Amino acid sequence: MGKEYPEEVIAISKKGEREARILLSKGKYIKYRYKKEGGEEVPNKYTIILKTEEGYEEFMFVKAASGKELLVKHEIKKQSPKVFDEKGKKVETL
Numbered sequence: 001m002g003k004e005y006p007e008e009v010i011a012i013s014k015k016g017e018r019e020a021r022i023l024l025s026k027g028k029y030i031k032y033r034y035k036k037e038g039g040e041e042v043p044n045k046y047t048i049i050l051k052t053e054e055g056y057e058e059f060m061f062v063k064a065a066s067g068k069e070l071l072v073k074h075e076i077k078k079q080s081p082k083v084f085d086e087k088g089k090k091v092e093t094l
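Residue numbers (the numbering used here): 1 to 94.
Okay, here's the thing in structure tokens:
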């Protein structure tokens with residue numbers, strides 16, 4: 001049997017499997033969009049930069065789905081999900 005995690009960090013996958021949300025890192029984010037030099041906005045294209053407390057940055061380039069382009073689905077929830085911080089051995093709200 002695997003590790004036991006607090007019930008509040010358990011998510012149910014589309015296949016009905018129980019999965020624990022495990023903290024990888026914490027930090028801040030920056031989101032920006034693109035405009036052409038003439039000032040016209042480039043539709044449905046933006047970048048998200050995740051900045052961890054340790055100083056690392058992860059870039060996510062997002063462009064609307066069309067062919068082989070990346071589509072990121074956004075869901076807005078009233079409560080932030082909880083994750084389990086394995087280093088600190090505690091539950092954290094994102």
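Don't be surprised by glycine CBs; every beta carbon is placed ideally from N, CA and C. Given the structure is predicted, the values throughout are model-derived calculations rather than measurements.
{"Query": "Glu57 in three-state terms, based on DSSP", "Result": "strand"}
{"Query": "8 Å Cβ cutoff met for Pro6 and Val83", "Result": "no"}
{"Query": "Proximal residues to Glu19 (C-beta, below 6 Å), its chain only, five neighbours per side dropped", "Result": "Ala11, Ser13"}
{"Query": "Span of the beta strand (DSSP E), counted from its first residue to its last, around Pro43", "Result": "41-52"}
{"Query": "According to DSSP, residues forming a beta bridge with Glu19", "Result": "Ala11"}
{"Query": "Segment limits, beta strand (DSSP E) that includes Tyr5", "Result": "No beta strand (DSSP E) contains Tyr5, which DSSP labels as neither H nor E."}
{"Query": "Distance, Lys35 Cα to Glu86 Cα", "Result": "41 Å"}
{"Query": "Cβ neighbours of Ile22 in the same chain (closer than 7 Å, five flanking residues each side left out)", "Result": "Val83, Phe84, Glu86"}
{"Query": "Whole-angstrom distance between Glu37 and Ile76, CA atom to CA atom", "Result": "The predicted position of Ile76 is uncertain, since its pLDDT is 47 and thus under 50; no value can be drawn from it."}
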